[in-house]
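First up is the structure itself, then whatever we jot down about it.
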Amino acid sequence: MTAVLDPFRFREVLGHFCTGVTVVTGHDGAAPAGFACQSFAALSLDPPLVLFCVARTSRTWPVLAESGSFAVNVLAEQQREVSAVFGARGADKFASVPWRPAPSGAPLLDGALTWVDCALEAVHTAGDHLVVVGRVTDLGETSDARPLLFHRGHYTVTEPVPDALTALMPWPRPDDWL
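Position one of the sequence shown corresponds to residue 763 (my numbering), numbered consecutively onward.
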């Protein structure tokens, strides 16, 4: 038997999980398209795969899907306005955000911490969302800036962990999270 959960309670509980903020972009040959996305993750090292989730009702996703490629732009702490622009419906989202094309042609947003260029690998239906898997074809340079995060309904950023606590971390340093 499946429990009936209150969607507001579900959102409240899962809002306690901190997520990074990204913008998924693509280009259909005529115009760039993109949307803000918090559900992005590394999936596999061999082959190199990433995933993100998008609402089945998204008007932007079909444009990106048709192109067969996309880029994921990882936003920096100073890009709250960029997140807001790409999280809203309507208007030309790229009019106020400088960008350049990735090798795939997908827009790479100026000021992002880094980017991941992908070929569309698979799409799976999961409830009211789609789980999109991308095969990584190219990677951007990285920045030392802090990432833009979302936690409990608000933007936030990371703070450095004191070295004494860092020494107790059980995983290799500096960024071996895969």
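By construction, the Cβ of each residue, glycine as well, lies at the ideal position given by its N, Cα and C atoms.
Bear in mind that the values here come from a model prediction, so they are computed numbers and not experimental data.
{"Check": "Heavy atom of the ligand COA within 8 Å of Gly777 beta-carbon", "Outcome": "Absence of the ligand COA is noted for the structure shown, with no ligands found whatsoever."}
{"Check": "Whether Thr902 touches Cys880 by CB criterion (9 Å)", "Outcome": "Per the sequence shown, residue 902 should be read as Gly rather than Thr. Their beta carbons are not under 9 Å apart, which means Gly902 does not touch Cys880 by this criterion."}
{"Check": "Environment of Pro909 [buried if 16+ CB atoms lie within 10 Å]", "Outcome": "buried"}
{"Check": "Buried or exposed (CB count within 10 angstroms, at least 16 for buried), Glu789", "Outcome": "Note that residue 789 corresponds to His in the displayed sequence, not to Glu. By the 10 Å Cβ count, His789 comes out buried."}
{"Check": "Arg842 - DSSP class collapsed to helix/strand/coil", "Outcome": "helix"}
{"Check": "Uninterrupted beta strand (DSSP E) stretches inside the stretch 777–823 (no shorter than 3 residues)", "Outcome": "784–789, 794–799, 802–806 and 811–817"}
{"Check": "Contacting residues, own chain, Cβ-Cβ under 7 Å from Asp890 (five flanking each side not counted)", "Outcome": "Ala817 and Arg818"}
{"Check": "Limits of the unbroken beta strand (DSSP E) element including Phe743", "Outcome": "Residue 743 lies beyond the range of the chain shown here (763 to 940); nothing can be said about it."}
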